[in-house]
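Chains as they are written, first to last, in the numbering used here: chain V, 622 to 1078; chain F, 622 to 1078.
Before any comments, here is the structure.
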């Protein structure tokens, strides 16, 4: 993008207004790198359209000029999918705002640039709940949440983002606007295009508006933080709570190593006088705190100690949610680059996977710290390796991903593929599978206008 | 298929064994027409492969010969999608059998030819439940259930079929085998191909094996049949049960006209001494029959009379489930062809839709009987018109579908498009939408091997 660059930039300025086309490196800097600092690209322009029509015109103009686009929402992703690796134009969706709740239809419609937290607050104001939550809620935008089929803390209760999408409006690679917007539970009229766009990581369309199903908020939520002897015991605690018919609203876990980092780095007080190998952070609903305490007391073989709170229990959640920040701070302190993986395995293989990862990684990289936390109900581990030499990061990642693939797991449970996992797609997806995905990409974006350097190898 | 027909038939015989290639019209007769008698095609051969590899070889051989295929399961569909309209080879999946339940992973894997009822029984034997149910359960096969994203009686509780599919094995149009089979809740590695194949009506792949998530069976189910004054009151009964925190396991409705047909045609006794305009058939769980009776007694403004049963309450379900049979029998008796539509609208428009349909249809076709039953929670009406002249069937259908589309509804809530609704796709899907679906079809089946005459216009 050099010869006709200024011509395209002028054209984009006409479409969105010159003040919404950023070319000054000082202004574009926040758009060309991800927040972890792992990915950094370059761009000639960041375009900030303010409506679906403007998005359509921007996509059409870039397509006509043969310039590729990377759509970007809150830029909170972890796999480099929103970074302009090869000089793509960045199409920021943050100006696509506006939230509306339909109380009769029990849906929330919003622009792609609305943050998850703003959408949660809009739902709550209407006495309902949006069943999607994740740590980056204040920055992550709904367009990105849908484009990445975001997982997070409430999948155990509401399923993934895809199962909550009731409608999508999106601009396709040729600049046309696709709209499926009935909000209906039953609508068997053709291929599930909203489901296909959900999780397509910006490679098939730029999502401009979304329609989510809302739910009734759970009654009588109790938050539990419990110390347990093993990861297997952590799973058993959740199983027994289920057996007692508690609706599980969240089920997280972390290890003592992580808790120590969190307390040291962020100055939190330890939750218990003693240290336990594993901690379960769990939300249940439907009964009062006393009943939950009684239920936990009935499993002394599993629960060594527990502290309970009526929700909202930010005090307890802080131990779990501060993990990413504490790990980053520890990495900076030690002067090492953290190697992060996000994987899932069938529940019956979860304990075995984490043992195998710890063994294999420390055998190959003696002295490396393995810090893991994650989501119990989906066998979803977020593992960070601290101390792997930078040049060995790919090797360390591959060690973990191979152990996952051998166990029938997912090499990316909820963060997506992006650039980070692209080279390992074949560990989990067959040649036929990859060829099928490529055929769909080719059919919907024959000129490679949308995020051409991510997802598919 | 004439010149090389016998050559292809020989080839198919080599692949599946000659006894599994049916060419005698006496044997193929049950495969070329649907059970309603509305659709009748013709075929040179019905092929009955016994494994995924055989399906792959059959598809490849037909593709090489330039002969199209229509996959067929239990042939219980209502939109003509499993009928060889243009002389296609019928690929019957009924020999793809075998069911297995994984108690740890809480999944059921099965061949595409297993009936829904057999899968339900396998899940029940393991103490779990498959959250899909519909009237044709003893004949409908799992491959068809997935290919049509079947709806039915349990969507209110478990969502549609798509949300319960945890894995799919399918043969693509070029004879290659696609397999996504992790069973994981979180697996963000590329496009959602299982979700795309679910509901694609045999046009993108032949589904050969399926993996479903199972659930715990509900405790303390009570079945309620209640007489209410209006459809609005029927919705209110469900809303109040929800307000009392009852999990709703099913929520059906029908009218007195339908009940009279059922009782007259099938010799059932009327459930109540008096007649009521509308009946709600509802299953709730989690509390005993006495509590449910008390709750119903607390809404005398809505519930005129009610009868309750601990599940299984076939006695009560018979009134609702006999509707299709009774309507067919009544049509035969009156010597008319029934015009059936399956539609859904946003809940807030449901009462208005049914009023508008009755008014519009009887204004255009005086004396026509309108018999409606359906699923309350999804605003899903199954309406049959009795007495429309055969040559006016399309006009009558279009009157209903236009009223649905004007209300933001679905012209096919759960039966799919097939040949029945193809001409009206544009009422609900935009040109961009249809073009996008066509691009996907073209990308995955460029030679039109799979069900080329259904779904897309």
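Beta carbons: idealized from backbone N, C-alpha and C, even for Gly.
These numbers were taken from a predicted model, which means no experiment stands behind them.
For the region 773-792 of chain V, the beta-carbon criterion of a distance under 9 Å to any beta-carbon of chain F is satisfied by 776, 777, 780, 781, 783, 784. Contact check for residue 873 of chain V against residue 979 of chain V fails: the beta carbons are separated by 8 Å or more.
Taking the CA atoms as reference points, residue 688 of chain V sits about 17 Å from residue 670 of chain V. When 8 Å is used as the limit between beta carbons, residue 632 of chain F is near no residue of chain V, the shortest such separation being about 23 Å. Against chain V, a Cβ distance below 7 Å from residue 755 of chain F picks out nothing, because the smallest value is about 12 Å.
Excluding its 5 nearest sequence neighbours in each direction, residue 844 of chain F has C-beta neighbours in its own chain below 6 Å: 904, 930, 932, 934, 937, listed in chain order. Every alpha helix (DSSP H) of 4 residues or more that sits fully in the region 671-736 of chain F is shown, in chain order, as 673-686. Taken in chain order, the members of the region 816-836 of chain V whose beta-carbon sits within less than 8 Å of a beta-carbon on chain F are 816, 817, 819, 820, 821, 825. C-alpha of residue 1027 of chain V to C-alpha of residue 1022 of chain F: approximately 50 Å in a straight line.
The beta carbon of residue 856 of chain F sits no closer than 8 Å to any beta carbon of chain V. In this structure the region 798-811 of chain F does not touch the region 758-775 of chain F; the number of beta carbon pairs closer than 8 Å is below three.
Contact annotation for residue 1050 of chain V against chain F: 810, 811 [CB-CB distance below 7 Å, chain order]. Note: residue 798 of chain F is bridge-paired with F/792 in the DSSP secondary-structure output. Proximity of the region 1028-1046 of chain V to the region 955-973 of chain V meets the contact definition, three or more beta-carbon pairs being nearer than 8 Å.
In chain order, 655, 765, 769, 1036, 1037, 1039 place their CB closer than 8 Å to the CB of residue 698 of chain V, counting only its own chain and leaving out the 5 sequence neighbours on each side. Contact annotation for residue 949 of chain F against chain V: no contact, minimum CB-CB distance about 22 Å [criterion: below 7 Å]. In the DSSP assignment, residue 855 of chain V falls outside any beta strand (DSSP E) and within the unbroken alpha helix (DSSP H) covering 852-864.
The Cβ of residue 967 of chain F sits closer than 8 Å to at least one Cβ of chain V. In summary, residue 892 of chain V is buried, with 16 or more beta-carbon neighbours lying within 10 Å of its beta-carbon over all protein chains present. With a 10 Å radius around the Cβ and a threshold of 16 neighbouring Cβ atoms, residue 672 of chain V comes out exposed. Contacts with chain F at 8 Å (Cβ-Cβ) do not include residue 1002 of chain V. Counting along the chain, the unbroken beta strand (DSSP E) around residue 849 of chain F starts and ends at 843-849.
In terms of Cβ geometry, residue 752 of chain V and residue 840 of chain V do not form a close pair [threshold 8 Å]. Within the region 877-953 of chain F, the complete alpha helix (DSSP H) segments of 4 residues or longer fall at 877-887, 910-918, 935-942, listed in chain order.
In the DSSP annotation of this structure, residue 1006 of chain F is not part of any alpha helix (DSSP H); the continuous beta strand (DSSP E) holding it starts and ends at 1001-1007.
Between residue 830 of chain V and residue 790 of chain V, the C-beta spacing is below 8 Å. Contact between residue 757 of chain F and residue 695 of chain F is confirmed by a C-beta separation of about 7 Å, below the 8 Å threshold.
Against chain F, the CB of residue 695 of chain V has no partner CB under 8 Å away; the residue lies outside that interface.
A contact between stretches requires three or more CB pairs, one per stretch, nearer than 8 Å, and the region 713-730 of chain V meets this requirement with the region 671-685 of chain V. Against residue 1064 of chain V, the close residues of chain F are 1060, 1061, 1063, 1064, in the order they occur along the chain (beta-carbon pairs closer than 7 Å). Nearest neighbour of residue 1014 of chain V by Cα position, chosen from V/710, V/957, V/741, V/805, turns out to be V/957.
For residue 649 of chain V, the enclosing alpha helix (DSSP H) stretches over residues 646-653. Annotation: the continuous alpha helix (DSSP H) that includes residue 1027 of chain F extends over 1014-1027. The beta-carbon distance between residue 861 of chain V and residue 869 of chain V, rounded to whole angstroms, is 11 Å. This is too long to meet the 8 Å contact definition. A straight-line Cα-Cα distance of about 8 Å links residue 1050 of chain F and residue 801 of chain V. Cβ contact annotation for residue 642 of chain F (same chain, cutoff 7 Å, sequence separation greater than five): 630, 633, 634, 666, 668, in chain order.
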